[in-house]
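In the numbering used here, the protein residues as written are -4 to 239. Ideal Cβ placement from N, Cα and C applies to all residues, glycine included. To start, the structure under review is shown below, and the notes come after it.
Below, the structure is given as structure tokens:
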């Protein structure tokens, strides 16, 4: 197939304006997302009664400690299994998009990474990547399993949200696999153009390979070795092990 055959059809401005009616669908989707977000915020919550233990730079911490005084906590369940030598590509890409935590802290929200690998390995990987995000190990703890981020021994990408009232902690939301794309703005930006999308490529265009360029310093594309194709559940598939 030639490059020209892969391009969108060429039309005049009037035809293009008519086709741009899809913008109304975009606006409707935005309003729908607002409504869903509002419904999510009105969800009931479940009190967390288990005494989970996290290994951090200052020793052992509790889930309450991870709030660092804020009333809300977001945990990225970063896929880094106990026997893994490096972190997941997709989780790394998400971490690269988080940016300064001051924006979350200003809204009274803490953010941490949590993984089952030993703390020393997590922090070595974090230093290699040039991050300063707080990262805790749940090595030997049931936290990841009980919140669905480890299923049958397999790591799953996930985000969990918690709220505290005094010393009481409540679980308000978790999301797994598909649905995390908004936290990686590069996909939304690419979806604006015809060249590379995340899903729904036109049948007459070859599907692009979704490589993740993560890391800094070593490797030809800056990272965790070579640019590797996204693996695990963060893919074009909708039938992930724990896509809830």
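Item: Residue from 85, 86, 54 and 108 with nearest C-alpha to residue 96; Value: 108
Item: Entirely enclosed alpha helix (DSSP H) segments - the stretch 125 to 163, minimum 4 residues; Value: 138 to 141
Item: Span of the beta strand (DSSP E), counted from its first residue to its last, around residue 97; Value: Residue 97 -> not in any beta strand (DSSP E); alpha helix (DSSP H) instead, spanning 97 to 100.
Item: Three-state secondary structure assigned by DSSP to residue 68; Value: strand
Item: First and last residue of the uninterrupted beta strand (DSSP E) at residue 107; Value: 104 to 110
Item: Status (buried if at least 16 other CB within 10 Å, exposed otherwise) for residue 43; Value: buried
Item: Strand pairing of residue 55, partner residues [DSSP]; Value: 50
Item: Inter-residue Cα distance where the pair is residue 75 and residue 94; Value: 20 Å
Item: Nearest to residue 169 (by Cα), restricted to the options 62, 139, 148 and 182; Value: 139
Item: Simplified DSSP assignment, three categories, for residue 41; Value: strand
Item: Candidates 158, 179, 182 and 189, of which the one nearest residue 65 by Cα; Value: 158
Item: Proximity to residue 79 [Cα-Cα], best of 98, 51, 92 and 115; Value: 115
Item: Local Cβ density within 10 Å of residue 130, reported as buried at 16 or more and exposed below that; Value: buried
Item: Cβ neighbour criterion (16 or more within 10 Å) applied to residue 151; Value: buried
Item: Range covered by the alpha helix (DSSP H) that runs through residue 180; Value: 180 to 186
Item: Beta-carbon gap between residue 133 and residue 111 smaller than 7 Å; Value: yes
Item: Identity of the residue in 33, 72, 24 and 10 nearest residue 146 by Cα; Value: 72
Item: DSSP state of residue 5 mapped onto helix, strand, coil; Value: coil
Item: With 16 other Cβ atoms within 10 Å as the buried cut-off, status of residue 9; Value: exposed
Item: Straight-line Cα distance separating residue 113 from residue 52; Value: 12 Å
Item: Rounded separation between residue 19 and residue 82 - CA only; Value: 40 Å
Item: DSSP three-state assignment for residue 168, whether helix, strand or coil; Value: strand
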